[in-house]
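Participant: In the working numbering, the protein residues as written are 2 to 215.
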Ligand code: ADP
Ligand code: AMP
């Protein structure tokens, strides 16, 4: 089963994708995580992507399409979070999958208000070592600002500052929201109320996966 997670930054896509990967053995592809890793390591991709990311803008489609082709695994059970983000990316993904004789089974839209997104992103803390994601109020670490799993000091993402978040929301509305119609017209769009607590959203997601099978 191939799932695409759609929705504004901060809607909870990464949180739910990580749970699905742990619980059901899905491969989780987060293009944001891959890019942040590339920036940290100073790879050629990281050097090209850095400034776009800092401004809250999208990295150009040609780089992103090449990246997804490189990392997409063989086999079933994949959840892609953060890709596609534009219609050309969605078309390229469809072409790539159809060459492999597969397709996107469901696009899951995480529906949430802008105010909620701002609260979530300004409280988000991430582990730079293992990638775990917390929220200081909604999903706090056990010890103050330290990762439960690996003990590393948690960081606030540079692009989670409020002015960059507002830019990212605008970019989402202009460039990514058209994908809702793209997937709706294919009859594979599912909308989740992402404003509920993490476990409630996850129960809906799990039901969806269990119904479809993988
Ligand atoms: P995305 O991957 O869509 O950008 P994240 O999964 O990183 O979003 O979640 C954004 C922030 O909101 C994180 O701090 C996360 O801990 C928190 N969060 C995620 N889902 C929920 C939820 N259902 N209720 C409250 N907070 C949440
Ligand atoms: P995310 O972690 O998904 O919020 O992504 C962080 C940043 O990485 C975005 O603001 C973009 O700059 C970049 N990015 C991640 N995925 C994509 C994509 N599919 N297309 C373009 N840029 C992306």
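Glycine included, every Cβ here is placed at the ideal spot set by N, Cα and C.
Would you tell me roughly how many angstroms separate the C-alpha atoms of residue 152 and residue 22, rounded to the nearest one?
Facilitator: Counting only the Cα atoms, residue 22 lies some 22 Å from residue 152.
Participant: So does the segment 150-164 actually touch the segment 124-137, counting three or more Cβ pairs closer than 8 Å?
Facilitator: yes
Participant: Can you list, in chain order, the stretches of the alpha helix (DSSP H) that have 4 or more residues and sit fully within the segment 112-140?
Facilitator: 115-123
Participant: Run the proximity test for residue 53: is its beta-carbon closer than 8 Å to any non-hydrogen atom belonging to the ligand AMP?
Facilitator: yes
Participant: If distances are taken between C-alpha atoms only, which option among 97, 109 and 67 comes closest to residue 188?
Facilitator: 109
Participant: Considering just the uninterrupted stretch of the beta strand (DSSP E) at residue 192, what are its terminal residues?
Facilitator: 190-194
Participant: Can you say whether residue 211 is buried or exposed, counting buried as having 16 or more other CB atoms within 10 angstroms of its CB?
Facilitator: exposed
Participant: When the Cα atoms are used, what is the spatial distance from residue 134 to residue 35?
Facilitator: 15 Å
Participant: How would you write the range of the alpha helix (DSSP H) that residue 24 sits in, first residue to last?
Facilitator: 14-25
Participant: DSSP on residue 174, reduced to helix/strand/coil?
Facilitator: helix
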